[in-house]
Every structure is written in C-alpha cells, then in structure tokens.
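A.B. asks:
Here's what the structure looks like:
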C-alpha cells in the first residue's frame with residue numbers, strides 16, 4: 006500500500022509517500038480500505054517530533070479515517086466486509102489501508118458522505134468525552150471554546166448547541182467568528198484584538214462561563230480561571246502555547262473550580278471503545294439528524310500530504326482538512 010511516512014522530524018516536507026506492507030488483522034481488528042483521513046493538530050506535533058505514538062502502535066501519522074472494511078480479524082462481531090465505516094486510531098491513518106480495533110469503529114452516519122465521515126471520529130470523541138464525560142456539561146450551562154473555527158471548535162459548537170448549552174468562542178479573524186456564529190455560537194471574540202476575559206465578563210454579566218474547552222494551554226491558564234464561573238470546569242486538551250504556567254490556587258479555590266487535563270490517543274483501547282460506544286449512542290443520532298455535521302474546508306490527495314500540512318499550518322482553514330486516497 007501507499008502511505009505517508011515522517012522521514013525525520015520537521016516541517017511539512019518531512020512527509021513522504023512510501024510503499025508499506027499491507028496491514029493484517031489480528032484478532033479483534035478490522036482492516037479498512039481508506040477513502041479519507043482527517044488531519045489533526047496531533048499529526049503536526051508528531052511530524053515535528055513532539056508527539057510520538059503510544060508503544061506498539063503504528064509510526065505512521067493519522068488518527069481518524071473513513072472507508073470500507075476489507076478484512077475482519079477473528080472474533081469481530083457487528084461488522085462485515087464491505088461496510089462503510091469511520092474509525093478512531095492511535096496512528097496509521099495516512100495510508101491506503103489501516104488495521105484498527107473493532108471497538109474504535111463506527112458506521113458512517115446516515116446522510117454523511119463516506120469521505121466527509123473521516124472528519125468525525127477524533128473530533129467527536131474528543132469533544133464528547135471532554136465536555137460531557139469529564140466536565141459533565143448540562144443543558145443550560147455555558148461553554149467557552151477556544152479555537153472555535155478548527156475541527157474541534159466547529160464540532161464543539163454544534164454538539165453543545167444541539168444539547169442545549171449556549172456557546173461562546175475565541176477565534177483569530179472576523180471570518181472565523183462569522184463561521185462559528187453560523188454554526189450556532191452566540192458570540193465570538195477575536196483573540197488578536199480583544200481580551201476574552203473582559204468580553205466574557207460583559208457577555209455573562211460578570212458571572213463567567215461554566216465550562217471552558219482549551220487548546221492553548223499554559224498561556225491561558227490564569228485568564229481562563231478569571232473567565233470561569235463559580236463551580237466551573239476548565240478542560241485542557243492541548244498546549245499550543247506552552248505546557249507550563251503558574252496556578253493561582255487562591256483563585257481556583259475561591260471559585261470552587263476544577264482544572265481537568267486529558268489526552269485521547271494514549272488511552273487504553275478499552276477506554277477508547279467505551280468512548281466510541283457512548284458516541285454511537287448519544288452523538289450519532291444527532292449527526293444522522295443533521296444537528297452535528299462535519300465541516301470540510303479542503304481535501305488533498307494522499308500524495309500531497311506535505312501541501313496539506315503546509316495549508317493546515319497556515320491556520321487559515323475553517324473546519325477540517327482531509328487527505329483522500
């Protein structure tokens with residue numbers, strides 16, 4: 006099969022099309038003939054040498070794919086050869102074929118193009134697990150999503166809105182804010198020229214928001230705590246601007262707030278399967294109903310992975326960037 010290999014840590018040029026052995030299904034796995042793979046920030050960090058795959062997983066980048074099942078390992082129930090599916094991976098998605106535990110596989114939702122479905126598994130599993138399974142977001146509670154126009158952000162806006170939570174976002178341009186509002190956000194804050202702490206105070210009459218979904222990390226820690234409401238929950242899922250910061254424990258205690266840090270990729274397979282089961286039960290009906298949809302910015306052929314990463318690195322995309330086979 007053809008696959009994209011990271012030949013050495015660095016820029017997009019380090020992504021090279023190579024020939025690799027076809028994967029074979031071990032018991033409990035399925036093999037998917039890949040139609041499309043989603044590009045995520047984690048792939049960029051792996052390309053740069055900062056985010057290696059968990060031990061025993063594929064060294065190839067790519068955390069979500071869609072396609073057609075071409076082989077089943079022993080003991081797999083509920084799927085058949087020929088099924089159109091999408092899947093959450095620990096690696097290996099930038100390829101024509103990938104083997105994945107059946108517990109991390111989902112049917113392509115009704116009404117969703119099979120290629121577009123590649124934009125769903127990583128983003129939906131991340132948003133659902135963090136906003137609902139960890140932060141316990143309830144209908145009527147407010148959410149601030151940093152990076153509202155990215156793959157995580159556009160999914161979080163739609164999901165939280167569909168489940169009854171008003172959503173505020175930060176983004177880096179008027180165009181991205183407008184896109185976020187079209188998806189359901191009630192207000193957007195341009196982080197290049199506005200203070201989100203001040204604006205959240207104005208928008209919530211000084212109360213703050215109940216939950217913050219943060220991809221920025223250290224640079225935003227104290228400001229997030231200023232913007233959070235009493236009994237609020239700050240969920241940190243990435244560290245784009247640093248992994249270290251000083252924590253104002255007095256502010257944390259005074260607001261009776263919680264700080265939660267999570268990752269998805271390194272979790273045990275059983276935990277991932279549990280998240281996928283929950284997504285299938287609670288989120289997939291919303292996708293099939295059109296309340297949550299993949300937002301695709303651009304598609305690139307697999308062989309043009311370097312160009313796709315260059316575009317992704319520019320930060321100009323709104324929604325997901327895909328690689329297609």
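In this note's numbering, the protein residues as written are 6 to 330.
Virtual Cβ for every residue (Gly too), placed ideally from N, Cα, C.
(1) Go to residue 84, then tell me how far its alpha helix (DSSP H) extends in each direction, as first and last residue.
(2) Mind checking who residue 73 pairs with in its DSSP beta bridge?
(3) Is the number of C-beta pairs between the segment 296–313 and the segment 107–126 that are closer than 8 Å three or more?
(4) Which residue's Cα is closest to the Cα of residue 139: 191, 60, 323, 217?
(5) Would DSSP call residue 280 helix, strand or coil?
(6) Could you check how far apart the C-beta atoms of residue 219 and residue 237 are, in whole angstroms? I think they sit under 8 Å.
(7) Count the other CB atoms, across all protein chains shown, that sit within 10 Å of the CB of residue 51; report buried if there are 16 or more and exposed otherwise.
(8) What residue does the beta strand (DSSP E) around residue 217 start on, and which one ends it?
(9) Nearest to residue 177 by CA position, among 322, 8, 24, is which residue?
(10) Can you tell which of 14, 47, 76 has its C-alpha closest to the C-alpha of residue 29?
(11) Candidates 90, 59, 310: which alpha carbon is nearest residue 96's?
(12) Counting pairs of beta carbons, one from the segment 248–257 and one from the segment 220–236, are three or more of them closer than 8 Å?
(13) Among the residues of its own chain, which have a CB less than 7 Å from the CB of residue 179, if the five just before and after it don't count?
(14) Between 268, 243, 35, 112, which lies nearest to residue 150 when the distance is taken from Cα to Cα?
(15) Nearest CA to the CA of residue 49: which residue from 315, 330, 329?
(16) Looking at residue 189 and residue 162, is the spacing between their C-beta atoms short of 8 Å?
(17) Measuring only the C-alpha atoms, how far is residue 274 from residue 198?
(18) Hey, out of 294, 277, 283, whose CA is closest to residue 69's CA?
(19) Could you check the C-alpha separation between residue 55 and residue 67 for me, to the nearest Å?
(20) Return the first residue and the last residue of the alpha helix (DSSP H) that residue 318 is part of.
(21) Pick out whichever of 21, 107, 78, 324 has its Cα sitting closest to the Cα of residue 32.
(22) Which ranges does the beta strand (DSSP E) cover as unbroken runs of at least 3 residues, wholly within the segment 194–267, from first to last along the chain?
(23) Can you tell me whether residue 191 is helix, strand or coil according to DSSP?
(24) Leaving out five residues before and five after residue 113 in sequence, what residues of the same chain have Cβ atoms less than 7 Å from its Cβ?
(25) Report the residue from 93, 191, 38, 105 whose alpha carbon sits nearest the alpha carbon of residue 45.
(26) State the start and end residues of the unbroken alpha helix (DSSP H) segment that holds residue 301.
(27) Which residue marks the beginning of the beta strand (DSSP E) containing residue 110, and which one marks its end?
(28) Where DSSP assigns a beta bridge to residue 43, which residues make up the other side?
(29) State buried or exposed for residue 248, treating a residue as buried only when at least 16 other CB atoms are found within 10 Å of its CB.
(30) Could you check where the beta strand (DSSP E) with residue 149 kicks off and where it finishes?
(31) Would you please state the rounded distance, in angstroms, between the beta carbons of residue 324 and residue 159? I believe it to be under 8 Å.
(32) Should residue 85 go down as buried or exposed, given a rule of 16 or more other Cβ atoms within 10 Å for buried?
(33) Which residue or residues does DSSP assign as beta-bridge partners of residue 159?
(34) Take residue 181 as the anchor and find which of 13, 105, 269, 320 has the nearest alpha-carbon.
C.D. replies: Based on what the coordinates show:
(1) Per DSSP, residue 84 belongs to no alpha helix (DSSP H) and is neither H nor E.
(2) 38, 89
(3) yes
(4) 217
(5) helix
(6) Not quite, the Cβ-Cβ distance comes to about 12 Å (not below 8 Å), so this is no contact.
(7) buried
(8) 214–219
(9) 322
(10) 76
(11) 59
(12) yes
(13) 195
(14) 243
(15) 315
(16) yes
(17) 42 Å
(18) 277
(19) 15 Å
(20) 310–319
(21) 78
(22) 214–219, 233–241, 263–266
(23) coil
(24) 71, 89, 90, 91, 119, 122
(25) 93
(26) Here residue 301 belongs to no alpha helix (DSSP H); instead the beta strand (DSSP E) covers 301–306.
(27) 110–112
(28) 327
(29) exposed
(30) 148–151
(31) 5 Å
(32) exposed
(33) DSSP, once it has assigned bridges, lists no residue as partnering residue 159.
(34) 320
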